[in-house]
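Residue 1 is where the sequence shown starts when you use UniProt numbering, and the numbers rise one by one after that.
Glycine included, every Cβ here is placed at the ideal spot set by N, Cα and C.
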Amino acid sequence: MKKINWGIIGCGGIAAKFTTGLASLEDATLIAVGSRTPGKAKAFAHTYNVSTSYDSYEDLLADDRVDVVYVATTHNFHYENVLQCLLAGKHVLCEKVFTINAKQAHHLQQVAIEKKLFLMEAMWTRFLPATKEIMKVIADGVIGEVKFMEADFSFKTAMDPEGRFYNRALAGGSLMDLGIYTVSYASMLFGRQPATIKTNACMTPTGVDERNTHIFEYPDGKAALLTSSFAYYARTQALIAGTKGHIEIPAFFHAQTFMVKAGDKTIHYELPFESNGMGYEAMEVMDCIRTGRLQSDIMSMDETVAIMETMDAIRKEYGLVYPEHMERIITS
Ligand SMILES: NC(=O)c1ccc[n+]([C@@H]2O[C@H](COP(=O)([O-])OP(=O)(O)OC[C@H]3O[C@@H](n4cnc5c(N)ncnc54)[C@H](OP(=O)(O)O)[C@@H]3O)[C@@H](O)[C@H]2O)c1
């Protein structure tokens with residue numbers, strides 16, 4: 001099998017984790033890394049044994065050996081970075097939150113289609129063995145019809161106005177960073193976006209949300225209760241409630257265990273991931289590229305765009321506004 005050559009742009013925290021995950025895959029090579037911060041890519045390449053480093057994203061994108069780029073920059077840069085990659089003829093896996101708004105996500109989807117390139121949001125949770133097994137348990141009817149779900153993703157971070165969590169200039173905030181996991185999970189379970197949304201948030205002096213709570217209502221009395229915050233520690237658990245039983249998932253965003261209770265039967269599942277779990281999304285990307293698919297069935301671009309529409313609606317309701325230039329569409 002031909003190895004797929006990866007490049008990474010943005011040499012920060014998640015790039016390091018992704019590199020570790022990718023190293024566990026025999027059919028993938030991380031061939032080059034690029035950073036805008038002088039010397040950072042070189043140091044990264046040295047630490048992770050990558051053969052080539054570039055002090056600009058443009059130079060990495062001009063490297064003909066690179067098949068697919070993992071965009072590992074902060075939220076505010078995703079839209080322009082993915083566009084750069086697509087225009088350079090590269091397939092793309094882009095970190096969450098995919099873009100600032102749905103218009104931008106839709107634009108990138110159109111460009112990818114036009115250029116016949118693969119594009120996917122790096123919602124790694126969906127590709128984990130435990131998440132796939134949960135979806136199978138549900139499809140098998142073990143807990144009956146899913147009527148309700150709860151998901152929380154909260155942990156305490158230090159208040160750093162410059163860091164990616166609190167910095168409005170980096171499109172920070174707990175919705176974009178953590179809440180996206182809960183919103184995406186609800187989308188995965190119900191297979192659609194909510195009919196109505198009730199939401200509120202607690203804003204920081206830096207102008208982003210440090211806590212948010214959403215109630216999503218769906219047809220047929222179905223609902224989701226979603227919370228996220230970086231102001232406190234909480235369970236980071238998901239609950240999926242059905243007409244015949246329920247599923248509890250500790251640390252749902254990086255699930256390795258879950259419990260199913262239906263009638264008087266309780267089953268505990270353990271599905272540990274290989275390495276740090278980040279290789280599974282890369283496996284999906286490579287499978288799609290090899291079989292000529294431009295989007296994943298598990299995390300399709302259609303769904304990413306729809307999720308971004310939900311994110312837009314939430315932000316509108318509680319007034320989370322980012323600088324105008326971040327919301328723009330690039331036309332030339
Ligand atoms: N899947 C997961 O579990 C997971 C976990 C954490 C984060 N993430 C996502 O991964 C992405 C990056 O997060 P991270 O923790 O890796 O972020 P980070 O380390 O703070 O920054 C990543 C890169 O973004 C660029 N950057 C950061 N701050 C900048 C600034 N002030 N000005 C210009 N460029 C800046 C830098 O690129 P250069 O190297 O080019 O300078 C940096 O290396 C985000 O979308 C985040 O939501 C995902």
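Suppose you measure from the CA of K198 to the CA of Y57; what does that come to, to the nearest Å? 40 Å
Within the present structure, is the beta-carbon of I14 separated from the nearest heavy atom of ligand 1 by less than 7 Å? yes
Bridge partners of T52, per DSSP? A32
Over the uninterrupted beta strand (DSSP E) stretch that includes T227, give me the two end residues. 223 to 229
Closest by CA to A62, which one among P219, D220, K96, A88? Per the Cα distances, A88.
In whole angstroms, give me the CA-to-CA distance for G7 and D209. 32 Å
Span of the beta strand (DSSP E), counted from its first residue to its last, around M120: 119 to 121
Looking at S187: is its Cβ nearer than 8 Å to the Cβ of A16? no
Can you find at least 3 beta carbon pairs, one from the segment 282 to 290 and one from the segment 23 to 42, that sit closer than 8 Å? The segment 282 to 290 makes contact with the segment 23 to 42, as at least three CB pairs between them are under 8 Å.
Ordered along the chain, which non-local residues of its own chain (more than five positions away) have a Cβ less than 6 Å from that of L226? In its chain, beyond the 5 residues on either side, A151, T182, H214 have a beta carbon closer than 6 Å to the beta carbon of L226.
Pick helix, strand or coil for K132, following the three-state DSSP scheme. helix
Stretch-stretch touch, CB-based, cutoff 8 Å, three pairs: the segment 131 to 151 with the segment 106 to 116: With the cut-off at 8 Å, the segment 131 to 151 and the segment 106 to 116 do not touch.
Starting from the Cα of W124, find the closest Cα among R328, F273, H75 and give me that residue. F273
Consult DSSP for C94 and reduce its assignment to one of helix, strand or coil. strand
Please determine whether the Cβ atom of D177 lies at a distance below 7 Å from any heavy atom of ligand 1. yes
Which partner residues does N81 have in the DSSP bridge list? Answer is none; N81 lacks a bridge partner.
So Y166 and T204 are in contact, right, with Cβ under 8 Å, and what is the actual spacing, rounded? 6 Å
Do A122 and L86 have their CB atoms nearer than 8 Å? no
Considering only heavy atoms of ligand 1, does any lie closer than 7 Å to the CB of W6? In this structure, ligand 1 has no non-hydrogen atom nearer than 7 Å to the beta-carbon of W6.
Check whether the segment 260 to 270 touches the segment 65 to 83, counting contact only when three or more Cβ pairs, one atom from each stretch, lie closer than 8 Å. no
If A171 sits next to H75, beta carbons under 8 Å apart, how far is it from one beta carbon to the other, in whole angstroms? 4 Å
Runs of beta strand (DSSP E) wholly within the UniProt domain "GFO/IDH/MocA-like oxidoreductase" (133 to 248) (minimum 3 residues, chain order): 146 to 154, 196 to 203, 209 to 217, 223 to 229, 238 to 242
Short of 7 Å in beta carbon distance, which residues of its chain neighbour G279, apart from the five on each side in sequence? Order them along the chain. G21, L22, S24, L25
Apart from the five residues on each side of it in sequence, which residues of its chain come closer than 7 Å, Cβ to Cβ, to M308? F98, T99, N101, A102, A105
Is the beta carbon of F148 less than 8 Å from the beta carbon of K96? no
Please name the residue in R65, K2, M120 whose C-alpha comes closest to that of L294. Measuring C-alpha to C-alpha distances from L294 to each of R65, K2, M120 identifies M120 as the nearest.
Rounded to the nearest angstrom, what separates G242 and A32 at their Cα positions? 46 Å
Minimum C-alpha distance to C202 - residue among S228, E324, Y218, Y70: S228
Where V285 falls: helix, strand or coil (DSSP): In the displayed model, V285 falls within a helix according to three-state DSSP.
Where does the unbroken beta strand (DSSP E) through K261 begin, and where does it stop? That run of the beta strand (DSSP E) goes 257 to 262.
Among the residues of its own chain, which have a CB less than 7 Å from the CB of D160, if the five just before and after it don't count? Y166
Three-state class that DSSP yields for V71 in the structure shown: V71 falls in the strand class under three-state DSSP.
DSSP state of G7, grouped into three classes? strand
Report yes if the CB atom of L117 is closer than 8 Å to the CB atom of I314, and no otherwise. no
Report the partner residues of T266 according to the DSSP bridge assignment. K261
Quick check: V68 and H91, are their CB atoms within less than 8 Å of each other? yes
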